Amino acid sequence: MAALGRICLLLALAVCVYGIGASLYGVRSGRVEFSESGRRSVYALAGILTVAFAVLEIAFLSNDFAFNTVADTSSRTTPEGYRAAAVWASQEGSLLLWAWLLSLWSSLALFLTRRRMRDVAAYATAILLGFGGFFVSLMIFYANPFATTSPAPAEGVGLDPLLRFPTMVIHPPMLYSGYTLCTIPLAFGMGALLARRVDADWIRAIRRFAFAAWLFLGIGILLGARWSYSELGWGGYWGWDAVENASLMPWLTGTAFLHSLMIQEKRGMLKVWNVSLVLATGTLAIMGTFLVRSGILNSIHAFGGATLGVPFVVLIALLIAGSIYLVVSRRDMLRTEHRLDSLLSREAMFLANNVVLVGLCFVIFWGTYFPLISEALTGREASVGPPWFDRYTVPLALILVLLSGIGPVIAWRRATLANARRNFVAPLLVAALTLVALIVAGVALKPFAIAMFCCAAFVLGSISQEFFRGVRARRAMAGEAAVVALGALVRRNRRRYGGYIVHLGMAVLFVGVAASSSFQHASELGLSPGGSTRVGAYTIRYVRPTATITPKYDQAHTGSTLSLGAVLDVSKNGHHVATLRPSEGYYDSGEPAQGSVGHLIGGQAVSHISMSAGVTRDVWTAIAPNISTPSLQRIITVGNRTLPPEDAEVAIAYLARAYLQRPPQAQFHFIVSPLVMWIWLGGLIVFGGGLIAIWPAPSTVRRRVGALARTRAQHGLARA
Amino acid sequence: MSVVIAILAVALLAGVILLVSAPLRTARRRADLPSAELVELEAAREAKYSEIRDAELDYRTGKLSREDYESVAGALRAEALELLNRLEALQAGRLAGEEPGADD
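Going line by line, the protein sequences match chains A and B.
Letter 149 of the first sequence, counting from 1, is numbered 149 in our numbering, and no numbers are missing.
Letter 51 of the second sequence, counting from 1, is numbered 771 in our numbering, and no numbers are missing.
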């Protein structure tokens, strides 16, 4: 089967090379059949890589350890669901996933644009096949997912226990979908510049893909944050890790693009800005992919093994140089005679929003890449930590949230000051009342957190006002019931009201971030059974220890050989609130040198946190049991000396029983964070709003609306 | 390499060649796409309709005064009518055979 996979890779590369040639020849010579053949090459690439992916997936599910990547990242004891996802746990498999998703999304984009912009699409096809060929080449020459070893090992190393978590199964496909979707606007943007067709058509063609990229990237980022919070033992959801930042940067520039493209669609302005944003977003997506494979990172996100830094640096350099050349050489075509009518207009607010978003991206870029470059040049480890990022990003985030509340209440083109003042009354009132309520409630005066709460309240006020007035206007026109009017309003103005919901979701999300960051109570200490501690308003008591053995009984369903933990009782004001069961899993290291018993638990220990999550607060716990005590170590030592491998699990059972009978003091980490759930809820609201905004109107509605608008335009002029 | 793998590989290769070469083998006439100018005008027309609807919604939701709305809407309608006239002229010219059939 590996041979079929290798053949697929070679065929894929050949198809990419042919497709690039056919597309470029077709567009330069005007021979449309070659451009179409080039487009079909993308479809063929998708088919070939689907077969290749299926081959690798079958290898994982059937435990074919002849495949090096299967042996390195899977094992018979890895639960089946995680075995299926282990395909993308390795450098090789993740490259294949990247290339496969790229081919699928590219096929969709080119299929949907097959009847328009032939010349732009032909150049875009060549560029997308160029990306595909690049990733396929990496697999053929650097990190082949179909490399094999003979004879095959009897057992694999197993999936990294840190990755044995549901959100980690879906996080890479979502994130990679976001990254690969970012390359589609980039390809069409470059195509438009190459074809000298910089009108609105290419923007309209790729708008939904830009939105989809933004959506998938956002979901991927949020899933990663959720995994960090729910699985890693530090209790946080965002650490300003270089790879986290690398995924956030294209999301920020993508957000800026989604706003400024509306200005280009309506007013024909910001052509240079928009095409630059699109090119920057795609390039940042490639840079994000580069970071985890370059070998310059020592991070949970980094792939070990072969480093692919040099090829990626070459690709990124080509992208940057090519982008700059195209924008500069076509700048005359990108000029527009239109100008902003007024600073008090939605266009102006969008521009301000763009400046803030790009400013945020620049800050994060500087904080992420400067230390890496500095370390590469000087050899000294440099670091820029969360306090540095917080110092600059928090004020910018405040401005962003504020603008997201101002924009909806300002009209396009121009708004009068009197009108604007009237429209701000209700949102400002909501913000003021929130501030008063916070002060009356005795909420600690943390300026940035309080400011964020008030800005979010302002957003809530302005969005609610928009919905209320829109429904009222709809009812006045159509005489519909409120609920019906609301549905019709959103259906007929999907982008506007979907966008409003997205703004609301972001405000909710930022409230969660501000509250959980500023008002958290944390404690780290050792406890023995019967001991208790107070964290914030909660009392946490260590009731008793827990222990499970063999992967079959692993309560976390991650295949650990031994799991030691605790039962904790959480109470508030004497009333029971929750029972928590944190544990630490110990895994097979696969190293016989650790002994017949030692290797069963000698792998990386992974903390399985336990938390009581609620709308108002989360109570989060992690445990680090102590198995280094002399009595427990004696069991392992004696077992190593006396037990053959097939009986080694007996010693593990003794170990578990000894731990339960005489549990040593364990180290606990407790955190009480308010409003963490608002982050995930806000994300869901953003997702829902994004779906509404991206959903196409039925074509009959579009024709009816277009015809009506044409008639009214003519009647309006007749009246004038 | 097993026979099954070889057959699968050959089938895959054949499928790819058939798919990719289809446009080169068929002699069917491909539909002429609208000219770049026509596409641009249609896109501008749709954008203008969207602006008119947005202006009306802005007025009805209190973001524009009546005077501002009538001023903005009047300008937008004039721009829309100009676009419609240009489109009609282009389409009439195309029908009369003056319009180039392929992308510029």
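Glycine included, every Cβ here is placed at the ideal spot set by N, Cα and C.
Fair warning: this is a prediction, and the values are worked out from it, not measured in the lab.
Against chain A, the CB of residue 729 of chain B has a partner CB under 8 Å away; the residue lies at that interface.
The contact set of residue 741 of chain B on chain A, defined by CB atoms closer than 9 Å, consists of 37, 40 in chain order. Residue environment for residue 471 of chain A: buried (at least 16 other C-beta atoms within 10 angstroms of its C-beta).
In the three-state scheme derived from DSSP, where H, G and I count as helix and E and B as strand, residue 697 of chain A is classed as coil. The residue from A:13, A:367, A:175 with its alpha-carbon nearest to that of residue 391 of chain A is A:367.
Against chain A, the CB of residue 763 of chain B has a partner CB under 8 Å away; the residue lies at that interface.
Along the length of the segment 354-409 of chain A, whole alpha helix (DSSP H) runs at least 4 residues long occupy 386-406, reported in chain order. Residue contact check for residue 271 of chain A against chain B: no CB pair falls below 8 Å. Interface residue (Cβ-Cβ distance to chain B less than 8 Å): residue 588 of chain A is not classified as such. For residue 131 of chain A and residue 278 of chain A, the gap between their C-alpha atoms comes out near 16 Å.
In the DSSP assignment, residue 757 of chain B falls within the alpha helix (DSSP H) that extends over 756-780.
DSSP places residue 520 of chain A outside both helix and strand once states are collapsed to three, so it counts as coil. As DSSP reads the structure, residue 526 of chain A sits in a beta bridge with A:667. Taking one beta carbon from each stretch, the segment 440-449 of chain A and the segment 512-524 of chain A have 3 or more pairs nearer than 8 Å; the two touch. Under the three-state reduction of DSSP, residue 430 of chain A is assigned to helix. Fully enclosed beta strand (DSSP E) runs of no fewer than 3 residues are not present anywhere in the segment 128-216 of chain A. Legend: CB atoms of the segment 192-207 of chain A lying less than 8 Å from CB atoms of chain B belong to residues 197, 199, 200, 201, 204. Residue 493 of chain A and residue 684 of chain A have their C-alpha atoms spaced approximately 21 Å apart. Among the residues of the segment 413-424 of chain A, those with a Cβ less than 9 Å away from any Cβ of chain B are 413, 414, 415, 416, 418, 419, 420, 422, 423, in the order of the chain.
8 Å or more divides the Cβ of residue 440 of chain A from the Cβ of residue 396 of chain A. Beyond the five residues adjoining it in sequence on each side, residue 93 of chain A comes within less than 8 Å, by CB distance, of 56, 69, 73, 86, 87, 145 in the same chain, given in chain order. Closer than 8 Å to the CB of residue 760 of chain B there is at least one CB belonging to chain A. Taking 4 residues as the minimum length, the alpha helix (DSSP H) runs contained wholly in the segment 12-87 of chain A are 32-61, 68-73, 80-85, in order along the chain.
Around the beta carbon of residue 540 of chain A, 16 or more other beta carbons sit within 10 angstroms, so the residue counts as buried. Rounded to the nearest angstrom, the gap between the Cα atoms of residue 61 of chain A and residue 677 of chain A is 35 Å. Residue 329 of chain A counts as exposed, since fewer than 16 other C-beta atoms from the protein chains shown sit within 10 angstroms of its C-beta. About 6 Å separates the CB atoms of residue 350 of chain A and residue 263 of chain A; that is less than 8 Å, so the two are in contact. Chain-order list of chain B residues neighbouring residue 469 of chain A: 780, 781, 782, by C-beta distance under 8 Å. Interface criterion not met: the Cβ of residue 808 of chain B is under 8 Å from no Cβ in chain A. Counting C-beta atoms within 10 angstroms of its own C-beta, residue 255 of chain A has 16 or more neighbours from the protein chains shown and is therefore classed as buried. Distance from the CA of residue 658 of chain A to the CA of residue 582 of chain A, rounded to the nearest whole angstrom, comes to 19 Å.
With its beta carbon at least 8 Å from every one in chain A, residue 815 of chain B lies outside the interface. In the same chain as residue 635 of chain A, and ignoring 5 residues on each side of it, the C-beta atoms closer than 7 Å to its own belong to 651, 654, 655, 658, in chain order. Annotation for residue 618 of chain A: the continuous beta strand (DSSP E) segment containing it runs 617-624. In this structure, residue 231 of chain A keeps its C-beta atom at 8 Å or more from the C-beta atom of residue 501 of chain A. For residue 812 of chain B, not one C-beta of chain A is nearer than 8 Å to its own C-beta.
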